[in-house]
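Protein chains in written order, with this note's numbering: chain S, 1 to 331; chain G, 1 to 331.
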């Protein structure tokens, strides 16, 4: 990296367009006024959760390409991954679009990994336009990671709710749009949390570590950013993250917001808020991107967070390794 | 991309070192004389298949860093993925090494995706040294994708055998070693094969498509390369791939070898040969890399192939989308 774990983009690759799709529960909250496609029901006209998830991702990708004024043939590469085993949502979507495809996986921080790689590929001259996208679906995630929905299992109060939604970004080597100016690649951090219902606590140290590394590498203070936007720490995880950063002498309280914390009006059993790869992707691709385009925000540090466990690793008694990547977006 | 789907590396990032680890069945074949660590038994002193797989990957990574004359702190980024759900082999290994980590997934073509991205990051000035690695384990793959071993399920004759092995490469922005000169990013190809026991047939069109695209983008003929090394098509898949390329007017028969076809002395039920992310990774990182270093080979086109299915997608009646990425390595 050019400095510590941080890369700097001298050619200022721009986010030419973004598009987001979200389910009905999500659209009842802040996303409702900003997404490009609001689903009437979370099956999206398909007969399986997995196909619905795929259709959301594909829709977000196609809308973002449309807004960027090009089709799939105008994009050099598609960077995508998702929460399902073997990232089938991304792979099957790649098949439909026909774009050259690089599969990535970083759990719920897939969006920031995708944006970072897209920026490197565009800035380095390897791609003219790169599409970075991800998504998640509550029901496919519950089935795979937790329990069949039909069981009606009670959720503990520290749990989060996987967002049904997708976000897609078209990053361009040149042109209009908020620029990706630098980014910090995360290290895997594990404080020994093994409670799979408490992802916020597991991921908070990874977010704090990447945020602190970013400040150190760039020499920037928290106040440099209008907004430090973490991925899906939720309410509890956000407090832990802010405390961990504060302990190291930096205060992000005034300008920190967490996508998981704001995505729902928490009225039922969403408890700590939203999670899932689609959470930070949809929030950034709609509400936040809109503010960046209209001047409501000028400098955003996007820090999506991911828990890199599997049902097998948890079943074998392992703790939860987590990661967070930071992407600086400046209008 | 700079031309079609192909990127060219003007700064000639070099493969500074490579290391491979393989299981006993694999070491009975061509790998035996070339791997850095040959396992006496495939549990590698661990109590689960998954931990054994992880230990293989970690061992390969650490040996490659040692051979490159640096530790994990000398590498800027670790690019890795594997066949297990949520790429836990890569993620948990990333936790142990502490390197900044970018998770990737491209099934059995993960090695070529990793090398391609590592070359872009080094060539573009984003990393001084990047580690790209992957691996697989017969028993963890069987358990996850097929049947518990204890069932003793009969294998059909078109089946391949997942390689127990791992390969790791240290790519450096400058210095000694075979250079990565260009690479072609694959598109997802699906000819409608849905037989999960016939991966070779499913993947052959993806390999052929990427090889043809590479020739078209670079203007090179098959004879430019001493060796065109496909991933894990196996015996049947290799024949199909050569036929598909030949139909388009290019003949790769004289200089084509498939890692899956050569990795085993096929004497039992390996049938079509080897497969798995560790197959092409271990063959390239040992036998082939050795030949590149010693002058036995000068120009190799490495085309690892991947089948992007999951048990869920197959269970829902989907066909198998496949991909192949090509990396040109020149001594």
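Just so it is clear, CB atoms sit at the ideal spot from N, CA and C, and this is done for glycine as well.
Boundaries (first-last residue) of the beta strand (DSSP E) holding residue i
i                     : result
residue 294 (chain S) : Residue 294 (chain S) -> not in any beta strand (DSSP E); alpha helix (DSSP H) instead, spanning 289 to 294.
residue 82 (chain G)  : Premise fails: residue 82 (chain G) is in no beta strand (DSSP E) and is neither H nor E.
Counterpart residues of residue i in DSSP-defined beta bridges
i                     : result
residue 169 (chain S) : S:18, S:132
residue 330 (chain S) : S:179, S:299
residue 275 (chain G) : G:162
residue 102 (chain G) : G:79
residue 306 (chain S) : S:323
residue 184 (chain G) : G:6, G:326
Collapsed DSSP secondary structure at residue i in the structure displayed
i                     : result
residue 200 (chain G) : helix
residue 256 (chain S) : strand
residue 9 (chain G)   : coil
residue 233 (chain S) : coil
residue 74 (chain S)  : helix
residue 210 (chain G) : helix
residue 3 (chain G)   : strand
residue 227 (chain S) : strand
residue 351 (chain S) : No answer is possible for residue 351 (chain S): the residues shown for chain S start at 1 and end at 331.
residue 38 (chain S)  : strand
residue 189 (chain G) : strand
residue 263 (chain S) : coil
residue 194 (chain S) : coil
residue 222 (chain G) : helix
residue 46 (chain S)  : coil
residue 127 (chain S) : coil
residue 150 (chain S) : helix
residue 242 (chain G) : helix
residue 247 (chain G) : helix
residue 205 (chain G) : helix
Any non-hydrogen atom of the ligand ADP within 7 Å of residue i CB
i                     : result
residue 102 (chain G) : Absence of the ligand ADP is noted for the structure shown, with no ligands found whatsoever.
Rounded separation between residue i and residue j - CA only
i                     : j                     : result
residue 275 (chain S) : residue 161 (chain S) : 6 Å
residue 305 (chain S) : residue 234 (chain S) : 11 Å
residue 200 (chain G) : residue 236 (chain G) : 6 Å
residue 176 (chain G) : residue 231 (chain G) : 26 Å
residue 245 (chain S) : residue 166 (chain S) : 29 Å
residue 83 (chain G)  : residue 286 (chain G) : 21 Å
residue 180 (chain G) : residue 101 (chain S) : 20 Å
residue 151 (chain S) : residue 142 (chain S) : 11 Å
residue 317 (chain S) : residue 59 (chain G)  : 22 Å
residue 128 (chain S) : residue 182 (chain S) : 18 Å
residue 191 (chain S) : residue 87 (chain G)  : 20 Å
residue 75 (chain G)  : residue 1 (chain S)   : 9 Å
residue 10 (chain S)  : residue 258 (chain G) : 41 Å
residue 208 (chain G) : residue 321 (chain G) : 14 Å
residue 331 (chain G) : residue 3 (chain S)   : 31 Å
residue 51 (chain G)  : residue 89 (chain G)  : 8 Å
8 Å Cβ cutoff, residue i in contact with chain G
i                     : result
residue 211 (chain S) : no
residue 48 (chain S)  : yes
residue 87 (chain S)  : yes
residue 105 (chain S) : yes
residue 65 (chain S)  : no
residue 323 (chain S) : yes
residue 203 (chain S) : no
Short CB-CB distance (under 8 Å) between residue i and chain S
i                     : result
residue 84 (chain G)  : yes
residue 111 (chain G) : no
residue 121 (chain G) : yes
residue 199 (chain G) : no
residue 175 (chain G) : no
residue 316 (chain G) : yes
residue 94 (chain G)  : yes
residue 7 (chain G)   : yes
residue 169 (chain G) : no
residue 287 (chain G) : no
residue 185 (chain G) : yes
Minimum Cβ-Cβ distance from residue i to chain C less than 8 Å
i                    : result
residue 77 (chain S) : No chain C appears in this structure, whose protein chains are S and G.
Extent of the continuous alpha helix (DSSP H) run through residue i
i                     : result
residue 315 (chain G) : 311 to 315
residue 269 (chain S) : Here residue 269 (chain S) belongs to no alpha helix (DSSP H), and DSSP marks it neither H nor E.
residue 27 (chain G)  : 24 to 27
residue 67 (chain S)  : 49 to 67
residue 117 (chain S) : 110 to 123
residue 142 (chain G) : 138 to 145
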